[in-house]
Amino acid sequence: MKSKKFFLIEKEPIVEKNGSLIVVETLKDIPIPVKRIFYEFGVSFASKRGEHANKKSRFCMICLTGSCVVDVDDGENKKSYCLNDSRKILFIDRMVWKTMHSFSSDCVLFVLSDNYYDKNEYIKDYNEFLKEVRS
């Protein structure tokens, strides 16, 4: 069964003779208003990032250059996405466990979120996440 809590959004670039561009509009192309933007880079291939769920925040992830793998788990469905194409946007809803890994040396993972940073909304224990999401 396909999860509605995570999915890929594909954007077609506008190709012109002097270059290409992709436009992403909040609440039109992506299903969230954007309040926070961050990006990850310089992460070694062997390192993992994420390894948590968020109670309130939703995310859209775009690998601008290079590649990485994002594993997502909503407590019932699990899937791995290889982000290696800047035309693809991975949407991740609230209460989804996410782990990013296998970063290429040139990876820049650009992330849009609908909430400001709040350390209290993070669940960093997988068993606690499962307990909460299944209750």
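In our numbering, each residue's number is its place in the sequence shown (first place is 1) plus 5.
Beta carbons are placed, not taken as given, at the ideal position from N, Cα and C, and that holds for glycine.
Whole-Å CB distance - residue i paired with residue j, under 8 Å assumed
| i | j | result |
| --- | --- | --- |
| F50 | S107 | 6 Å |
| F96 | I14 | 6 Å |
| C62 | S8 | The displayed chain sequence assigns Ser, not Cys, to residue 62. That pair is no contact at about 17 Å. |
CB contact flag (residue i, residue j, <8 Å)
| i | j | result |
| --- | --- | --- |
| C65 | I19 | no |
| K10 | N120 | no |
| Y127 | H57 | yes |
| C73 | M100 | no |
| F43 | V116 | yes |
| K124 | G55 | no |
| L88 | V77 | no |
Sequence-distant residues of its chain with Cβ nearer than 6 Å to residue i (five each side left out)
| i | result |
| --- | --- |
| F12 | F96 |
| T70 | D111 and V113 |
| T31 | P38 and V39 |
Beta-carbon contacts of residue i that lie in its chain and below 8 Å, excluding the five residues immediately before and after
| i | result |
| --- | --- |
| R92 | E15, K16, E17, P18 and I27 |
| K83 | D76 and V77 |
| L135 | G80 |
Beta-carbon proximity list for residue i, same chain, < 7 Å, skipping 5 on both sides
| i | result |
| --- | --- |
| I67 | S91, I94 and F115 |
| F46 | C112 and V113 |
| Y131 | W102 |
Beta bridge counterpart(s) of residue i as assigned by DSSP
| i | result |
| --- | --- |
| M105 | R54 and V75 |
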